[in-house]
Amino acid sequence: MTPSDIRLHNTLSRSKEPLPTGPDGTVRMYVCGPTVYGPIHVGNARPFVLFSLLKRFLQHSGYRVVLASNLTDVNDKIYAAAAREGVPSAELAERYGREYVADTDRLGLGRPDVEPRVTDAIPEIVDMIARLVDRGLAYAAGGDVYFRVREFPGYGALSGRRLEEMLDTDPGPAKEHHLDFALWKGRKDGEDTFWDSPWGPGRPGWHIECSAMAHAALGTDFEIHGGGIDLVFPHHENEIAQSEGADGCRMAKLWVHNEMLELGGKMSKSDGNIVLLRDALAEWPAEVLVMFFLRSHYRSKLPYGHDALAESARAAERIRNTVRGLDRALAAPGDQLRPALARSVAEARAKFAEALADDFNTPGALAALFEAVAAVNAAVDGADRPSEGQLQSVRTELATMLDLLGLGALAAPPGDDVPADVAALVEARAAARAARDFAESDRLRDAIRDLGYEVRDTPDGQQVGPR
Ligand SMILES: [Zn+2]
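Heads up: take any position in the sequence shown, counting from 1, add 17, and you land on the numbering used here.
As structure tokens, this is what we get:
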């Protein structure tokens, strides 16, 4: 893939554009991560999956990629949650930060290259606010510092809003104008995490945190800024105003936003309308959850529910069965090259790459993958089997496509040489499931994981393999 082949939808231009690259050909991506004030919900996994796999695809296409995704560990919601749980806010954020990493690790997609935290970026944040004050774009008022929205001419370009239509997103009694938003918030009673600053003790506002962390991790004019579509206004609008106001140049070349996951309405913690990622992963294997995300385009709303997950599980199982069929055929191969199979797989591979290059169209890529699956099934089911060399090369093609989609587990050999301690836990888990003791079943799944193995629930019972 060359840069002009890969296109992505840019929220700012509202059109598909060629993949931008940095001066040295690198693609730098910054993706807004979660505020760590509780266990993350399955909706938070959508951007994690999207950008992890986009990075994988770009790397496979020959690019050097740097993916930075932050943890917001200083925020109003964290103070509130800490007060409810009766623990220091730093301790609460540290705990849920660790849990976020553990939960997303279970998706098996690796980690971003850089995962900055606000608490490590306070000097950069204070420095950026000071530059905005120097440039007349920000002002101190009553212990807070605010951004002067009317002084930034491009404000509203990303979200397509006009100033007169906007509402006050950040109330404060000392503001010059109702649209101005906080960069620094003076310390309030009960806020136990705070820092000194030229404007008095306090802590940063949410938006400036991302501007400063993105700048520290990737510099200016980086290639892609991403996140959920709910962040376009005010968060990303404000990030642009701050970063471009402070640096005098573009923040990011292209803005990629994923649509929301829905559970009979938008999934959000404040509405109490959530499924936790860890609960989803207790019910479904990671590859089924990844398959569920891939079956919809990232810019489509995605309803979360049992039927859609069960359908994804069946799709995963169809692929796994095909790989098993290939492995059985490899045990007794034919001696002929089958040109029709070679042609079908090559065509599917080309369609697969084209789909991903076209605004990361994962449903299109899956459709192409299933064309290859159908061709393989037809070839290995017949009496006249393909040669060993052809079977091997087809298996490699399938494994490569699956790995690009984060579904490599579907091509893994079945685990028949599991150590005795793992086997004992698997047996205990079968008993727990038969007794419908799902808490115990989940505990045993984690214990099996701790020993380096993954257990999957399939229609044929539990299957175990190395993690
Ligand atoms: Zn952000």
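Where a beta carbon is used, it is the ideal one built from N, C-alpha and C, also for glycine.
In the three-state DSSP reduction, H195 falls in the coil class, being neither helix nor strand. DSSP, reduced to helix, strand and coil, places K318 outside both helices and strands of the structure shown, so it counts as coil.
With fewer than 16 other Cβ atoms from the protein chains shown falling within 10 Å of its own Cβ, F455 counts as exposed. One residue list follows from the rule of a beta carbon closer than 5 Å to any heavy atom of ligand 1, given in chain order as C49, C227.
Pairing G219 with P302, the inter-Cα distance amounts to about 43 Å.
Less than 9 Å separates the beta-carbon of I57 from that of L294.
Take D90, set aside five residues on each side of it, and the residues of its chain with a beta-carbon closer than 7 Å to its own are V53, A110, G114, R134, V135, T136, in chain order.
Cβ neighbours of H323 within its own chain (closer than 7 Å, five residues either side excluded): none.
Just so you know, the alpha carbons of E388 and H77 end up roughly 21 Å apart. With respect to the 9 Å criterion, M418 and F369 are classified as neighbours on the basis of their beta carbons. Annotation: the region 297–369 contains no complete segment of the beta strand (DSSP E) (minimum length 3 residues). In the structure shown, the three-state DSSP call for T43 is coil. By the neighbour-count criterion, in which a residue is buried when 16 or more other Cβ atoms sit within 10 angstroms of its Cβ, R123 is buried.
Annotated three-state conformation of F68 is helix, per DSSP. Excluding its 5 nearest sequence neighbours in each direction, T43 has C-beta neighbours in its own chain below 6 Å: R81, listed in chain order. C-alpha of F74 to C-alpha of L373: approximately 8 Å in a straight line. The secondary-structure analysis by DSSP pairs I142 with nothing; it has no beta-bridge partner. Taking C-beta separations shorter than 7 Å and ignoring five residues to either side along the sequence, the partners of G351 in its chain run D401, R402, P403, S404, following chain order. For I465, the enclosing alpha helix (DSSP H) begins and ends at 455–467. Linking I291 to L280 through their CA atoms gives a straight-line distance of about 7 Å. Separation of the CB atoms of S176 and F250 is rounded to 4 Å, and the pair is thereby assigned contact status at 8 Å. Exposure of E193 is indicated by the presence of fewer than 16 other C-beta atoms within 10 angstroms of its C-beta. Counting only unbroken stretches of 3 or more residues, the beta strand (DSSP E) elements lying wholly within the region 71–102 are 82–86, in sequence order. Following the DSSP letters along the chain, one finds S404 in no alpha helix (DSSP H), marked with neither H nor E.
If you draw a straight line from the Cα of T413 to the Cα of A428, it is about 9 Å long. Annotation: S106 to A441 spans about 41 Å, alpha carbon to alpha carbon. Under DSSP, K33 takes part in a beta bridge, and its partners are H26. The region 187–248 contains, as complete beta strand (DSSP E) runs of 3+ residues, the segments 198–203, 219–221, 239–245 (chain order). The DSSP-derived three-state label of Y156 is strand. Residue state for Y113 is assigned as helix, using DSSP reduced to three classes. The bridge partners DSSP lists for P483 are Y470. Taking 9 Å as the cut-off, the Cβ atoms of R355 and A396 count as close. One Cα belongs to L347, the other to E471, and the distance between them is close to 25 Å. DSSP places V162 in the uninterrupted beta strand (DSSP E) bounded by 161–164. Close CB contacts of A349 within its chain, under the 8 Å cut and outside five residues either way in sequence, are with R402 (chain order). Excluding five sequence positions before and after R446, the CB atoms of its chain that fall closer than 6 Å to its own CB belong to S458, L461, given in chain order.
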